[in-house]
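So the structure is just underneath, and the comments pick up after that.
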Amino acid sequence: MLPLYDTIPSRYPAVANWLLIAAHVLVFMFELGLSDRELLRVLFTFGMVPAELTAGPPAPYWSPLTAVFLHGGWVHLIANMWTLWIFGDNVEDRMGPARFVAFYLACGVCASLAELIVHPTSTLPVIGASGAIAGVMGAYLAMYHHARIVLLIPLFFWPLFVQVSALFFLFYWFLVQIVSSSLEPSLGGVAYWAHIGGFVAGFVLHRLFLPPGGRAPCDDEGALARAWELPPRGGRRVRL
Numbered sequence: 001m002l003p004l005y006d007t008i009p010s011r012y013p014a015v016a017n018w019l020l021i022a023a024h025v026l027v028f029m030f031e032l033g034l035s036d037r038e039l040l041r042v043l044f045t046f047g048m049v050p051a052e053l054t055a056g057p058p059a060p061y062w063s064p065l066t067a068v069f070l071h072g073g074w075v076h077l078i079a080n081m082w083t084l085w086i087f088g089d090n091v092e093d094r095m096g097p098a099r100f101v102a103f104y105l106a107c108g109v110c111a112s113l114a115e116l117i118v119h120p121t122s123t124l125p126v127i128g129a130s131g132a133i134a135g136v137m138g139a140y141l142a143m144y145h146h147a148r149i150v151l152l153i154p155l156f157f158w159p160l161f162v163q164v165s166a167l168f169f170l171f172y173w174f175l176v177q178i179v180s181s182s183l184e185p186s187l188g189g190v191a192y193w194a195h196i197g198g199f200v201a202g203f204v205l206h207r208l209f210l211p212p213g214g215r216a217p218c219d220d221e222g223a224l225a226r227a228w229e230l231p232p233r234g235g236r237r238v239r240l
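Heads up: the sequence shown begins at 1 in full-length UniProt numbering, then just goes up one per residue.
As structure tokens, this is what we get:
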């Protein structure tokens, strides 16, 4: 089930969202240029290693923030940036560029701390923007729960396009994180508690980053709604 886009257009250019995506891509390009030994050093220095933070000084206390910009592979990076592209522009639309960047980084730190609290003795580096992006999704749920998300569900070789409410999709996503966290020993490799912590932080804290008086959201779904009604050129469309 792959989200493709939402039905809320942005009123303002999503400058900060694109700059964050560019920053993540540039850091990953830097990672690709490192030798295996150099990469491990970077991951253990700038990724968050819970055991190092809980064992006392010396420890890289910046790591809960810098870990957000590291990724473990192309799939990890693309999945995160795709999700940020879908949800980030609308959240920035309400907050403004500077406040959105501050919010994004704050959610990333909260996500790292959630993983630290649950797994304080882990010696594996926690990396990735998933927790920060989960915070963006939490804020999106709070501000745009009335929106609709278009999903691609591949049925064998026949694509199924389904339009669901943002409330349904994000609640389902959050439920999957909770269930997966209980199966963590068998799944491994994914910081589900960072996802959960980031999502909750974004949902709860987003109001602190809204400008005084607020920026008016664009609630006109007309263009995309009309596009949705066009006959599909392949596959099938379902509205739920």
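Note that beta-carbon positions come from the ideal geometry of N, C-alpha and C, so glycine has one too. Being a predicted model, the structure only gives us computed values, none of them experimental.
query	result
If you pair each beta-carbon of the segment 121-138 with each one of the segment 58-73, do three or more pairs fall below 8 angstroms?	yes
Just the Cα atoms here: how many angstroms apart are residue 220 and residue 7?	Confidence is the limiting factor: at residue 220 the pLDDT is only 47, short of 50, which leaves the residue's position unreliable, though a coordinate-based value still follows. Near 9 angstroms, if we compare the C-alpha coordinates of residue 7 and residue 220.
With DSSP collapsed to three states, give me the class of residue 13.	coil
Which residue wins for smallest C-alpha separation from residue 85, given the options 55, 156, 174, 25?	25
Does the distance from the C-beta atom of residue 108 to that of residue 132 stay below 7 angstroms?	yes
If you compare alpha carbons, which of 177, 201, 203 is closest to residue 191?	177
Under the DSSP definition of a beta bridge, which residues are partnered with residue 126?	48
Thinking just about the alpha-carbon of each residue, which of 81, 141, 51 is nearest to the one in residue 165?	141
Which of the three DSSP states, helix, strand or coil, is assigned to residue 61?	coil
Would you check if the distance between the CB atom of residue 114 and the CB atom of residue 194 is smaller than 7 angstroms?	yes
List the DSSP bridge partners of residue 6.	149
Pull up the CB-CB distance for residue 3 and residue 153, whole angstroms please, since I reckon it's below 8 angstroms.	Contact doesn't hold; Cβ gap of about 11 angstroms is too wide.
On the premise that residue 110 lies in contact with residue 47, defined as a C-beta separation below 8 angstroms, what is that separation, rounded to the nearest angstrom?	That belief does not hold up - the Cβ atoms of residue 47 and residue 110 are roughly 17 angstroms apart, past 8 angstroms.
Take the Cβ of residue 174 as the centre, count every other Cβ of all protein chains shown within 10 Å, and call the residue buried at 16 or more, exposed below.	buried
Considering Cα atoms alone, identify which of 158, 137, 182 is closest to residue 168.	137
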